[in-house]
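In my numbering, the protein residues as written are 933 to 1415. Glycine is no exception: its CB is placed at the ideal position from the N, C-alpha and C atoms. Contents: one structure, followed by commentary.
Quick look at the structure:
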């Protein structure tokens, strides 16, 4: 038999406690808050209501939860001069206001955001942080592989490290360890952004194995005598300098013209002065090809580094002066031998509208890739047998190594090279795996004066050990037992 509400109301309050339970004994305010609807998600709004205020005059309103978490009422009236019979114009005006009021959806990262949308937000983040054009281009290349392989995956589904691990290993197999390392870096930046927005608890990319790129190779620089031989060879060598490209049959290409010598080829394509620029300044290729005559001071024997050249998609080679690194803009000292060459070049060099010291043959910005192709041909023709390829960056490491051998501090070398940390100069740019004759000289200086005059003296075997006759009488406690 069911108990009626009238019967329950007639019972005393104490008898209802075990049946109602302690939750029902809370005050009325807590009961109302606990029984209410959950709040709207941040950046969303509820049902839009239309209210007629008169002929062709409507107001549309709704509740919206703003970015600060507070729910407010938003309303918009029918625009003036617009015929609005049922309030549709007022509702359209309200929706436009709500869309402009709430940030774009790609900036709100949730666990349900796809990896493609996450990349869009991360790309805008890089632009807002004023990353360089090369950084944006490199991340764009990586994003093509990420979107192609994980574009439809939700952020919450990336919490499983196994999925990210399998993707990076697949990139390493198909595109090589270098591409896998770069993609992993971009992917880690995207996941870090998702963690900051609360879509993930931890970055799963940090737990993946790095690509096997063979480890960091030690810095290789030239010995001073080898650098002198190269600088002499590009100016005076009579060795033939044929092209290195191959024909369709795989054999070396046989040109129909007379093959120039190394010296002829280097002078014709302005390679001599460029290599001297690398050796005398220690600048990066992008910085060397961006030097201007107006920044050269022959009296002070200095030059200012005020920009660099980069390749921008759709524009080609451009010179930029604004960069996120403050160490790019600096003034460096020049050796006298390079100052003399620059003064002569300023009088007889190629004119160009940009005022560049090292322009291309057409008077435009020199492309480092094109110069590397020309230098590769010269390098092969010279026939130097080194364990590593000699590039413009090799001369940069050579200059810093010469400075280190001369006792110049790592901080001074870092200032010249444009490094933000002196440890970068020491760990990456100073030559390693070199024969250190100075160590042998230091040992000679420390032990040589105390060495005996004889180069050798007879030794005698005592208890199976060869000893100096002067020390034949050892203490009894130190003697070995007879066999």
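Check the C-beta distance from residue 1445 over to residue 1041 and give it rounded, since I have them as a contact under 8 Å.
The displayed coordinates of the chain run from 933 to 1415. Any statement about residue 1445 would go beyond what the structure contains.
How many Å lie between residue 1106 and residue 1069 at the Cα?
Position 174 of the chain shown holds residue 1106. Position 137 of the chain shown holds residue 1069. Each residue's alpha carbon lies about 21 Å from the other.
Going residue by residue through the region 1259-1322, where are the continuous alpha helix (DSSP H) segments of at least 4 residues, counting only ones entirely within it?
Listed in chain order, they are 1268-1280, 1300-1314.
Which complete beta strand (DSSP E) runs does the region 1176-1258 hold, if anything under 3 residues is left out?
Whole beta strand (DSSP E) segments, 3+ residues: 1234-1237, 1240-1244, 1248-1252.
Buried or exposed for residue 945, please, with buried defined as at least 16 other CB atoms from any protein chain shown within 10 angstroms of its CB.
Along the chain shown, one-based indexing puts residue 945 at 13. Note on residue 945: pLDDT 48, under 50, position unreliable in the model; no value is reported.
Taking the CB atoms as reference points, tell me whether residue 1278 and residue 1225 lie closer together than 8 Å.
Start at 1 with the first residue of the chain shown, and residue 1278 comes out as number 346. Start at 1 with the first residue of the chain shown, and residue 1225 comes out as number 293. Their beta carbons are under 8 Å apart, which means residue 1278 touches residue 1225 by this criterion.
Whose CA, out of 1066, 1190, 1017, lies closest to the CA of residue 1250?
For this step, residue 1250 is matched to residue 318 along the chain shown. Selected option, being the one with the closest Cα: 1066.
Could you tell me the distance, in whole angstroms, from the CA atom of residue 1330 to the CA atom of residue 1350?
Walking along the chain shown from the start, residue 1330 turns up at place 398. Walking along the chain shown from the start, residue 1350 turns up at place 418. The straight-line gap from Cα to Cα measures roughly 15 Å.
Assuming residue 1015 is part of the alpha helix (DSSP H), what are its boundary residues?
Here residue 1015 is taken as the residue at index 83 of the chain shown, counted from 1. Neither: residue 1015 is in no alpha helix (DSSP H) and is coded neither H nor E.
Assign residue 1286 to buried or exposed, taking buried as 16 or more other Cβ atoms, counted over all protein chains shown, within 10 Å of its Cβ.
As a first step, residue 1286 is located in the chain shown; it is residue number 354 there, counting from the start. Residue 1286 comes out exposed.
Considering only residues of the region 992-1063, which uninterrupted beta strand (DSSP E) runs meet the minimum length of 3 residues and lie entirely inside it, listed in chain order?
Correct list: 1003-1009.
By Cβ distance, which residues of its chain are closer than 6 Å to residue 1115, with the 5 residues on each side in sequence left out?
Within the chain shown, residue 1115 is the residue found at index 183, counting from 1. The answer, listed in chain order, is 1074, 1077, 1103.
Rounded to a whole number of angstroms, what is the C-alpha to C-alpha distance between residue 1203 and residue 1298?
The residue given as residue 1203 occupies position 271 in the chain shown. The residue given as residue 1298 occupies position 366 in the chain shown. Whole-angstrom Cα-Cα distance: 12 Å.
Just confirm the distance between the C-beta atoms of residue 983 and residue 995, as a whole number of angstroms; I'd bet it's less than 8 Å.
Here residue 983 is taken as the residue at index 51 of the chain shown, counted from 1. Here residue 995 is taken as the residue at index 63 of the chain shown, counted from 1. With a Cβ gap of about 15 Å, residue 983 and residue 995 do not count as contacting.
Would you be able to state if there are at least three C-beta pairs under 8 Å between the region 1265-1278 and the region 1233-1240?
Yes, since at least three Cβ pairs between the region 1233-1240 and the region 1265-1278 fall closer than 8 Å, the two stretches touch.
Do residue 1198 and residue 1310 come within 8 Å of each other at the CB atom, strictly closer than that value?
The residue labelled residue 1310 in the question sits at position 378 within the chain shown. The residue labelled residue 1198 in the question sits at position 266 within the chain shown. Yes, these two residues count as a Cβ contact at 8 Å.
Helix or strand or just coil, what does DSSP make of residue 1429?
Any question about residue 1429 goes unanswered here, given that the chain covers just 933 to 1415.
What residues in its chain sit with their C-beta under 6 Å from that of residue 990, if we drop five residues either side in the sequence?
Indexing the chain shown from 1 puts residue 990 at position 58. The answer, listed in chain order, is 982, 984, 1010, 1016, 1019, 1022.
Near residue 1091, what residues of its chain come up, given a Cβ to Cβ distance below 7 Å and the 5 sequence neighbours on each side ignored?
If you number the chain shown from 1, residue 1091 lands on position 159. Excluding positions up to five away in sequence, the list reads 1132, 1136.
What residue from 1064, 1081, 975, 1087 has the CA that sits closest to residue 1032's CA?
Working through the chain shown from its first residue, we reach residue 1032 at position 100. When only C-alpha atoms are compared, the closest one is 975.
Distance check for residue 1154 and residue 1229, CA to CA, integer angstroms please.
As a position in the chain shown, residue 1229 is number 297, starting the count at 1. As a position in the chain shown, residue 1154 is number 222, starting the count at 1. Answer to the nearest angstrom: the Cα atoms are 29 Å apart.
Can you tell me whether residue 1240 is buried or exposed, with buried defined as 16 or more other CB within 10 angstroms of its CB?
Counting from one through the chain shown, the residue named residue 1240 turns up at place 308. Flag for residue 1240 reads buried.
Could you spell out the range, first to last residue, of the alpha helix (DSSP H) harbouring residue 1069?
Along the chain shown, read from residue 1 onward, the residue named residue 1069 stands at position 137. Start and end: 1065-1082.
Helix, strand or coil: which one does DSSP assign to residue 1172?
On the chain shown, residue 1172 is found 240 positions in, with the first residue counted as 1. In this structure, residue 1172 counts as strand in the three-state DSSP scheme.
Between 977, 980, 1194, 1014, which lies nearest to residue 987 when the distance is taken from Cα to Cα?
Residue numbering aside, residue 987 sits at position 55 when the chain shown is read from its first letter. Looking at the Cα atoms, 1014 is the closest of the given residues.
Do residue 1140 and residue 1170 have their C-beta atoms closer together than 8 Å?
Indexing the chain shown from 1 puts residue 1140 at position 208. Indexing the chain shown from 1 puts residue 1170 at position 238. The answer is no: Cβ separation not under 8 Å.
Between 1008, 1284, 1007, 977, which has its C-alpha nearest residue 998's C-alpha?
Against the chain shown, residue 998 aligns to sequence position 66. Comparing Cα-Cα distances from residue 998 to each of 1008, 1284, 1007, 977, the minimum goes to 977.
Would you list the one or two residues that DSSP bridges to residue 1086?
Stepping through the chain shown from its first residue, residue 1086 is reached at position 154. Answer is 1046.
Verify the CB distance criterion: does residue 1096 have a CB-CB separation below 8 Å to chain D?
No chain D appears in the structure shown, which is made up of a single protein chain.
What distance in whole Å lies between the Cβ atoms of residue 1211 and residue 1431, which are believed to be in contact at a cut-off of 8 Å?
The structure shown does not extend to residue 1431, since the chain is modelled only from 933 to 1415, so the question has no answer here.
For the alpha helix (DSSP H) containing residue 1126, list its first residue and its last residue.
Locating residue 1126 in the chain shown gives position 194, where the first residue counts as 1. 1109-1128 is the span of the alpha helix (DSSP H), which, as asked, contains residue 1126.
Measuring alpha carbon to alpha carbon, tell me which residue in 1000, 1001, 969, 1028 is nearest residue 993.
Taking the first residue of the chain shown as 1, we reach residue 993 at position 61. The shortest Cα separation from residue 993 among 1000, 1001, 969, 1028 belongs to 1028.
Thinking C-alpha only, which one of 1328, 1372, 1248 is nearest residue 1152?
Locating residue 1152 in the chain shown gives position 220, counting from the first residue. For the residues 1328, 1372, 1248, the minimum Cα distance to residue 1152 belongs to 1328.
Going by beta carbon distance, what residues of the same chain come within less than 6 Å of residue 1342, once the five residues before and after it are set aside?
Along the chain shown, one-based indexing puts residue 1342 at 410. Excluding positions up to five away in sequence, the list reads 1354, 1357, 1358.
Out of 1156, 1026, 1244, which one is the CA nearest neighbour of residue 1064?
To locate residue 1064, count along the chain shown from 1; it is residue 132. The shortest C-alpha separation from residue 1064 is found at 1244.
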